[in-house]
Amino acid sequence: MLYRRIFQFLIVYIFGILFLLIIKFIFSLSDYVIPNILLIIETAAQVFKEYFFDVINTLSVTILGQCISICMAFFVGISGRKSSWIGSFIKVTAYNIQAYPIVALAPIIFILIGDGFISRLLIASMICYFPLLLSVLGIMATPVKDIEHFYIITGQMKWHLEVKIRIFENLSKLTTVISGSATLAMAGTIVAEFIAANAGIGYSIRIALYQSNLAKILIALFLIGIIISVYQGILEVIGEQIKSKWSISKKGTIL
Amino acid sequence: MLYRRIFQFLIVYIFGILFLLIIKFIFSLSDYVIPNILLIIETAAQVFKEYFFDVINTLSVTILGQCISICMAFFVGISGRKSSWIGSFIKVTAYNIQAYPIVALAPIIFILIGDGFISRLLIASMICYFPLLLSVLGIMATPVKDIEHFYIITGQMKWHLEVKIRIFENLSKLTTVISGSATLAMAGTIVAEFIAANAGIGYSIRIALYQSNLAKILIALFLIGIIISVYQGILEVIGEQIKSKWSISKKGTIL
Amino acid sequence: AEKIELNYRLKWLFNTSVAGDIYADAKGFFDDAGLNVNVKQGSPEKNAINEIELGRAQFGVASADQVIRALDKKAKIVVIAQLLQINPMQWIYRADKPKIKVLNDLKGRNIGITFGGNDETIMNTVFAKAGISKNDVNITGVRFDFTPFLMKKVDIWPVYRNTQGVILKEKLAKQNEHVFFFNPADFGINFVANSVITSMEMVKNKPDIVKKFLTSLLKGWEAAMDPANEKVTLDIIKKLDKADNDKIRKKQLTATRKLIKPFASVKIGTININAWKQTQNIMLKEKQIKNKVNIENHLIQVNY
Amino acid sequence: MHLKCKNLNFLYPDSKSAVINNLSFSMKNPGFNAIFGPSGVGKTSLAKIIVNKNNCFNENIITKNINIILYSYNLERLPGWLNLGKHINKVISPEKLHLKKTLIKIFELNNVLDSRFSNLSMGQQNRINLIRYLLQDFDVLIMDESLANVDEKLKGTIILAIKELFPDKMFLYISHNLMEVSKFCHKILVLGNPSQNKPCFIINGQNYKKKCFLDKKKLNITMLEIMNAL
Amino acid sequence: MHLKCKNLNFLYPDSKSAVINNLSFSMKNPGFNAIFGPSGVGKTSLAKIIVNKNNCFNENIITKNINIILYSYNLERLPGWLNLGKHINKVISPEKLHLKKTLIKIFELNNVLDSRFSNLSMGQQNRINLIRYLLQDFDVLIMDESLANVDEKLKGTIILAIKELFPDKMFLYISHNLMEVSKFCHKILVLGNPSQNKPCFIINGQNYKKKCFLDKKKLNITMLEIMNAL
Ligand SMILES: Nc1ncnc2c1ncn2[C@@H]1O[C@H](COP(=O)(O)OP(=O)(O)OP(=O)(O)O)[C@@H](O)[C@H]1O
Ligand SMILES: Nc1ncnc2c1ncn2[C@@H]1O[C@H](COP(=O)(O)OP(=O)(O)OP(=O)(O)O)[C@@H](O)[C@H]1O
Ligand SMILES: [Mg+2]
Ligand SMILES: [Mg+2]
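Those protein sequences? They're chains U, E, W, F and B, same order as listed.
Start counting the first sequence at 1; every next residue gets the next number (our numbering).
Start counting the second sequence at 1001; every next residue gets the next number (our numbering).
Start counting the third sequence at 2001; every next residue gets the next number (our numbering).
Start counting the fourth sequence at 3001; every next residue gets the next number (our numbering).
Start counting the fifth sequence at 4001; every next residue gets the next number (our numbering).
See below:
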């Protein structure tokens, strides 16, 4: 499963590079527009190690950011699941903050909390949380009547039970969304680093961009891709385990 | 419903402004860091009309971009719903493209299609499509056994029927996600404009940022918020209508 | 004795263009003066003026237009040294295109401009001075990468002379293409670039710290710009700027020297009051500020 | 204890003809009563209206000495994250632990207490669901086909046990099994098909109890009576 | 037509004891046959194994002249975006239109053809689901409590009509109604409770058909036979 992921990533990546090289060839572009293979390899040798650690650095923020976004998404999703005034108010707030792209909010964030690790984390989680929120909201707002009926009619329904039932019934949807959101968290962290940080692969990409060094960007993309594949693979394995532990294994089904 | 949305947005916005003004007051900051009310109003009078049309301009790209992302998300979600090799390959591709934050891909996009409307649209849809994809994938990968059984056992199951069943059964989740993704599409368009365009509110925000003109940014945020509220309100109304047309109205349920 | 903690916010990422700042830090000039200075790199979203007002930084680097805009909005800041005597914001163009000898040579060219950026203000002033209307030239919006210039879609492209300028020149040299730079200052347009700023309060209440800080900083710049120290300087830069290679950094340092200290007689940090006044006038004309801010009152040449 | 229905009318918003048309009946005293009628006649609708009486029908449904009305039906599911034994323990108060044990034995569910709900057979699902309702506090419990997928023998045992264990509660039993209803129930509300203009009325069942004598003849008469009423 | 089961064993992966233990039986010729037994004995499991025979049980389940085996159960739902009439038309081939009309009349569903599935009563849902299976091509149709929520009178009518309309098909009817099974079915596979070590065997039912005579005595004997077998 994990190997398959990595293998498939390599195919995608090689395909992408080939595509660029074909364009280079067709339009006979020079090396400074699209680098040739040799130049890419040469650059790789130069920056591989450094970029690798940059990506690991970014990944660490990503993981933290993802945890925060999951918490935020569940918090807002759960408190905004009712169609009451307050529920809709929470939703409007959450939606509006998202409507303001991070580039517009960034100056305000910097004014409020200054730069450094916290800003980077905050921006990363803000980028990642919203898509999660959408799924969580969708799931939390849909009742599971045939299970909830008993609790409602006997007056035993509590909000956390309702939430638990809906999460459980949509476990596979949620694990898909959460493991998928890893890439969003990564993207968010990179954007945050691009804007604000002085470390991480986003920062390196910014410098490479500012030098118009496409070869370096390609190496960075390679490393990001491979590491995110591994991370996501691990998340998926964890998701499977949660599913099989918490709920019932599907082994027994005949039809 | 729509009025409520707008009203709630105004509360959020005013609350935000008050918060900034309190900070300004406590630290006795100059108008450069946080503008005073008068300056904001004055700036509003100056740029309101211009920004309004900018936001409308952005909104038009947003709407188009959202349509494209919905199509992309459904295309990838549907073709990647199986856990087969090819399904997983499509997913890996879709995920990887997302992992490369748009800032890193942007130069490649500009090389390939130049800047202008198409790039702006493409970047906007790429930012918006992934969160949609996650939800669509989650929904598409979960069978609805008690409905699908008949078609499977009688050999009448076709992919589009399977898709239709799963969409229908998750209609309210999907409409939540799609109307919510409007804000993502808007944010995506603004980021795209920020990077590349010479029109739209994203471009205006960039200029205001270069000039450290927070008042202008606040006006822009106001217009973005109000217009996205209206747009989203309209989407929700449409969603309700689709739900009540396609499926059955829930009026009749006693319990 | 207790060291005094200070934060110093730069305008841009650590690279050759901030050689003196990091030199002073690395060589312990601040420590010697009893100061404990955190030199922090900047980026477009970070703003030294904000940070000074919020008390997160005591000193910072800001461009002249930022300073003037802030003063227009009643920020209480002062300029205590002007680092760049020549604005590094210049335009690169290929040598196979006609050389720009008079401003009118710009007519008919395709010129890159960052909308909202400094270069737009400067180029607008150039156009005004030469009587060029927007119809006489093609203007293309600039992003953060040079692809349109490299692909020859745009003839004249804005760069920071001492950093991007060097990199681009080098890149093109590899393809046997040569370049020129168009520097508006050569045509009498002096738009001030980066300067060291601090709060009014600081200057009033703690002049000794300001003096100590500035003395050590400019000592760092003097040393970094001294050709004799070239190797040491480059080593210090290399530690923080891994992005460029040695050769490029060396060329960048040479280019930076010319901007910081165009003549041996210029004392680093000298505030060019006339250039500041001209900058203010340009911004007034471009409607970027509403009123004259009497810039001369906010320029304090600290003697060291 | 008194459950009374007065001139009740009900029409689903989308449909043309009323499901319940001027229905009046009255059921006094605890015991095992039934709602009976052909498929689609409105039994489930009536049950839901009774449970939901406070929302819009409080004029037509009148109760005395009845506080809690519960409604259970055969398609309910239990949450899947716990096994059944643990789940049941979570939803009952401690003083009912003994009753729980008794019921589980009677319902023949001892073997499946370690399983998750989705791994049960349909009849087992029906039974475990009913058990958790019986362990709640209630005055009236409506059982809408709650035992529809359980075999007859066990169903008989279960009904007799319920009657014995809950002598002071009222049950409204909805089922399609004529014999069962006639045999076990006290009052049987027969809903006639409105399209055939049959009125609704209450028929006395045999109300068979453990260790009592069941008069086969009388049972047959009851069954005939009901058949004619339909 | 021949459906044979030889030494079938089946154990759910998570559970301790086998659900099906060395089961062998054989059913020849078309007709209405039953699988009968107490709740939880393994009727549904057996049905699913038969339908799924090609996947892992092709050694134990042997068929002759049987191509298509369908399995229907009472919890199935129809898609909600069409009304029932349109839905049925979508899933049948044109030559069956006439049969469809006949069935809908017999199943008393004419009134609800304009409704959506979720607005039906439970018995109506059962019936419409069964109709669409009957309109498919099949040799064997397993009806797993497919009529569990329909009233007895209508159920009788439906079963008789099915027997008349599909004389050359085999049906495997799973139900908990002893009388019904004894009366209408030809061969009845009785699954005894394995925990009580009862064997499984086949009992002959009365196979009652329209316009035939039903011997009440024989029916009682069959019912007794089955009761003893359990
Ligand atoms: N939500 C609804 N909207 C419209 N009509 C409905 C709705 N629910 C039920 N009906 C109709 O109302 C009638 C009575 O339904 P109800 O479920 O009460 O029947 P029932 O007596 O419980 O039948 P069964 O024994 O089959 O469960 C049926 O004809 C059904 O089609
Ligand atoms: N997926 C499963 N995993 C484990 N055990 C199961 C599973 N499904 C059913 N069982 C068990 O297997 C036994 C037989 O189940 P099955 O559903 O075949 O019974 P049934 O005869 O159809 O009963 P009913 O009449 O109640 O529907 C039951 O004891 C049940 O608990
Ligand atoms: Mg019903
Ligand atoms: Mg079963």
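Using N, Cα and C, we set each Cβ at its ideal position, and we do this for glycine too.
Residue i classed as buried or exposed, judged by whether at least 16 other C-beta atoms fall within 10 angstroms
i	result
SER4026/B	exposed
GLU2296/W	exposed
MET3122/F	buried
TYR3071/F	buried
PRO2360/W	In the structure as shown, chain W begins at 2001 and stops at 2304. Residue 2360/W is therefore absent and cannot be evaluated.
HIS160/U	exposed
CYS1128/E	buried
ALA1045/E	exposed
VAL2266/W	exposed
GLY2108/W	exposed
LYS1251/E	Residue placement at LYS1251/E is flagged as unreliable, the pLDDT there being 45, under the threshold of 50; a coordinate-derived value is accordingly withheld.
TYR1032/E	buried
ALA2193/W	buried
ILE14/U	exposed
ALA2173/W	exposed
Distance between residue j and residue i (C-alpha atoms, nearest Å)
i	j	result
ILE34/U	LYS1082/E	36 Å
VAL3140/F	SER4045/B	36 Å
ILE4106/B	GLU3152/F	27 Å
ILE3158/F	PRO3199/F	32 Å
TYR3208/F	ASN4119/B	36 Å
LEU2006/W	ILE190/U	29 Å
SER3175/F	ARG4077/B	21 Å
SER2974/F	ILE3162/F	The shown model of chain F, from 3001 to 3230, leaves out residue 2974/F, and the question about it has no answer.
LYS4218/B	GLY3205/F	28 Å
LYS1243/E	ARG4116/B	14 Å
HIS4087/B	GLN1008/E	43 Å
PHE3036/F	VAL3190/F	5 Å
LEU4147/B	GLU162/U	33 Å
VAL76/U	GLN2066/W	39 Å
Chain-ordered chain B contacts of residue i [CB-CB under 7 Å]
i	result
TRP1246/E	TRP4081
Where residue i meets chain E, residues with beta-carbon distance less than 9 Å
i	result
ALA2128/W	Those do not exist, as ALA2128/W stays about 19 Å from chain E at its closest Cβ, beyond 9 Å.
TYR4071/B	HIS1149 and ILE1153
Chain W contact residues for residue i, given Cβ-Cβ distances below 9 Å
i	result
ARG1120/E	Result: empty, since nearest Cβ-Cβ is about 12 Å, beyond 9 Å.
Chain-ordered chain W contacts of residue i [CB-CB under 8 Å]
i	result
PHE110/U	GLU2045, LYS2046, ASN2047 and ASN2050
9 Å Cβ cut-off: residues of chain U touching residue i
i	result
LEU2006/W	Residues of chain U passing the Cβ test: none, with the nearest at roughly 15 Å.
Partner residues on chain E for residue i, Cβ-Cβ distance less than 7 Å
i	result
LEU4075/B	ASP1146
GLN4124/B	Near GLN4124/B there are no residues of chain E at all, since even the closest Cβ is about 14 Å away, more than 7 Å.
Proximal chain F residues relative to residue i, where beta-carbon distance stays under 7 Å
i	result
VAL4181/B	Those do not exist, as VAL4181/B stays about 10 Å from chain F at its closest Cβ, beyond 7 Å.
Which residues, in chain order, does the stretch 3028 to 3045 of chain F contribute to contact with chain B at a C-beta distance below 9 Å? PHE3036, GLY3037, PRO3038, SER3039, GLY3040, VAL3041, GLY3042, LYS3043, THR3044 and SER3045
Any contact between the stretch 2247 to 2257 of chain W and the stretch 2051 to 2058 of chain W? By contact I mean 3 or more CB pairs, one from each, below 8 Å. no
Selection of the stretch 137 to 169 of chain U by Cβ proximity to chain F, strictly under 7 Å: ASP146, ILE147, HIS149, PHE150, ILE153, THR154, GLN156, ILE165 and PHE168
Does the stretch 1167 to 1185 of chain E touch the stretch 54 to 72 of chain U, meaning 3 or more C-beta pairs lie closer than 8 Å? no
Please name the residues in the stretch 4090 to 4105 of chain B whose beta-carbon is closer than 8 Å to at least one beta-carbon of chain E, in chain order. VAL4091
Under 7 Å (Cβ pairs) to chain E, residues found in the stretch 2051 to 2065 of chain W: GLU2053 and LEU2054
Interface residues of the stretch 1206 to 1228 of chain E facing chain W [CB-CB below 7 Å]: ARG1206, ILE1207, TYR1210, GLN1211 and SER1212
Touch test, the stretch 2172 to 2191 of chain W against the stretch 2278 to 2289 of chain W, Cβ-Cβ under 8 Å, three pairs minimum: yes
For the pair the stretch 112 to 119 of chain U and the stretch 1202 to 1213 of chain E, tell me if three or more CB-CB distances fall below 8 Å. no
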